[in-house]
Amino acid sequence: MTNNLNSAIVTGSSRGIGREIATALGRLGFNVVVNYASSQAAAEQAVKEVQAAGGKAVAIQADISSAADRQRLLEHAMAAFGPIHLLVNNAGIAPLQRRDLLEADEESFDRLIGTNLKGPFFLTQACAKQMLDNVPDATGRRGNIITISSISAYTASVNRADYCIAKAGLAMMTSLFAVRLAASGINVYEIRPGIIQTDMTAGVKEKYDRLIAGGLTPLARWGQPEDVARAVIAIARGLLPFSTGEVINVDGGFHLRQL
Ligand code: NDP
C-alpha cells in the first residue's frame, strides 16, 4: 500500500536505528538517501541492504550540524531522486562524557545542540520549503516529516543535560512545524524511542540490563531498531493521515505512570 510519495532522506542511517528505517523504507519501494557523518563503509553497506530490500539508495556524507553540509545533502538528494517526500531526522549523538549538571561544559552543550537540535531544525526548515513545491498526491499530501527524539525529551537525567535539552527541543520543533505545515499537506511526527539496542547504548548495556530486569519498562525487554522502524513505516505508508504533531512512544511503556 505505498503511494507515490516515495523519496526519503534518513539522516544518520549508516548504522543503528537509521539503517533499520532505511531498509524498511526500501522494502516499501522507497528511494532512500542514506546520510552519514563519517562511517562510509557502513553507509555503503546500508545502501546495499536498502537495494536488497527492493528500494533504490544512495549514500551522502553530510554533517547535519553544518549549514553547508545540510544544503549539499538536500541538493544531492534531489539530484539523485527528485522531490523529497519524507524526511526522517534520526541522526543524533550522545555526550562524549556523562557529567553532572553542575559540571556540564559549554563545549559538550554546543556539540549536542548543534547535532541533535539545531541541525534537525534547519534541515527540516530547508526540506519543508522544498516539500511545499511538491506536486500533491490524489489526497492532497505533499510529504511527511518524522523526528526521532527520545524519552529524554521529558526524562531528567542530570548527567546528560545537553542531550535531554536537545531532545526536549525536538518535541517543540515537531509541534511548530506541524502547525505551520498542516494546511500544505505535510504532516509532522515525533517518534520517541526508549532504550534501544544500538552502538549508542552499547557502553551502558549492563546498567540498562539491570534496570529492565528490575521493572523499568512494562514490556520488559530492550527495544530493537526494528521497533522504531515499524512506526516510521506506518507513517510512510500514509496510515496516519489525520494525525499531525503526534508523539509516538516506542518505549515498551516506559512513559506510563504506575501506582
Ligand atoms: P547510533 O550511534 O547507532 O547511530 C548514529 C547515526 O547517526 C550514525 O549513522 C551516525 O553516522 C549518524 N550521525 C551522528 N552524527 C551525525 C552528524 N553530525 N551528521 C550526520 N549523521 C550523524 O545511534 P542510534 O541508532 O542509537 O540513534 C539514532 C537516533 O535515535 C539518535 O537521534 C538517538 O538520540 C535516538 N535515540 C536512540 C536511543 C537508543 O537507545 N539507542 C533511544 C532514544 C533515542 P556515522 O556512522 O557516520 O557516525
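Count along the sequence shown from 1, then add 8; that gives the number in our numbering.
All C-beta atoms in this analysis are idealised placements derived from N, C-alpha and C, irrespective of residue type, glycine included.
If residue i sits next to residue j, beta carbons under 8 Å apart, how far is it from one beta carbon to the other, in whole angstroms?
i, j, result
"Ser46", "Arg23", "About 11 Å; that fails the 8 Å criterion."
"Gly151", "Leu94", "6 Å"
"Ile153", "Ala136", "7 Å"
"Gln138", "Leu82", "7 Å"
"Pro128", "Ser116", "About 18 Å separates the two Cβ atoms, so there is no contact after all."
"Ile256", "Gly202", "12 Å between Cβ atoms; not a contact."
"Ile72", "Ile17", "At roughly 10 Å, the Cβ-Cβ gap does not stay under 8 Å, so Ile72 and Ile17 are not in contact."
"Val310", "Ala50", "Only positions 9 to 267 of the chain appear in this structure, which leaves residue 310 out of reach."
"Ala67", "Glu52", "6 Å"
"Val196", "Thr182", "6 Å"
"Asn43", "Gly63", "Rounded, the Cβ-Cβ distance is 15 Å, inconsistent with contact."
To the nearest angstrom, how far is it from the Cα of residue i to the Cα of residue j?
i, j, result
"Val41", "Ser165", "33 Å"
"Val212", "Ile29", "23 Å"
"Asn14", "Ile25", "20 Å"
"Ala61", "Leu110", "47 Å"
"Gly37", "Ala65", "10 Å"
"Asn124", "Thr147", "33 Å"
"Val187", "Gly253", "7 Å"
"Leu219", "Ala237", "24 Å"
"Ala210", "Ala85", "31 Å"
"Asp259", "Arg265", "13 Å"
"Ile204", "Glu114", "28 Å"
"Thr163", "Ile101", "17 Å"
"Ala54", "Leu267", "43 Å"
"Ala228", "Asn97", "27 Å"
"Leu120", "Ala190", "29 Å"
"Arg80", "Phe250", "33 Å"
"Leu131", "Arg78", "6 Å"
"Ser74", "Pro226", "39 Å"
"Asp235", "Asp217", "18 Å"
"Leu224", "Leu184", "31 Å"
"Glu214", "Ser157", "23 Å"
"Asp145", "Leu247", "15 Å"
"Asp170", "Ala242", "30 Å"
"Asp118", "Asp108", "16 Å"
"Gly177", "Asp141", "27 Å"
"Gly122", "Thr155", "15 Å"
"Arg149", "Ile173", "32 Å"
"Arg27", "Ala244", "16 Å"
"Asn12", "Ser192", "17 Å"
Beta strand (DSSP E) containing residue i: first to last residue?
i, result
"Ala237", "Careful: Ala237 lies outside any beta strand (DSSP E), inside the alpha helix (DSSP H) at Pro233 to Ala244."
"Arg200", "Ile194 to Pro201"
"Gly127", "No beta strand (DSSP E) contains Gly127, which is instead part of the alpha helix (DSSP H) from Gly127 to Met139."
"Tyr44", "Asn39 to Tyr44"
"Ile121", "That residue, Ile121, is in no beta strand (DSSP E); its alpha helix (DSSP H) goes Glu114 to Ile121."
"Gly151", "Gly151 to Ile156"
Name the DSSP beta bridge partners of residue i, please?
i, result
"Ala16", "Val40 and Leu94"
"Ile72", "According to DSSP, Ile72 bridges with nothing at all."
"Ile256", "Ile199"
"Ala67", "Val42"
"Ile204", "Gly231"
If you follow the alpha helix (DSSP H) that residue i is in, where does it begin and where does it stop?
i, result
"Ile220", "Lys213 to Ala221"
"Ala176", "Ala169 to Leu189"
"Gln59", "Gln48 to Ala61"
"Ala76", "Ala75 to Phe89"
"Glu28", "Gly24 to Arg35"
"Thr209", "Asp207 to Ala210"
Could you tell me whether the Cβ of residue i comes closer than 7 Å to any Cβ of chain C?
i, result
"Ala45", "The displayed structure is made up of one protein chain only, and chain C is not part of it."
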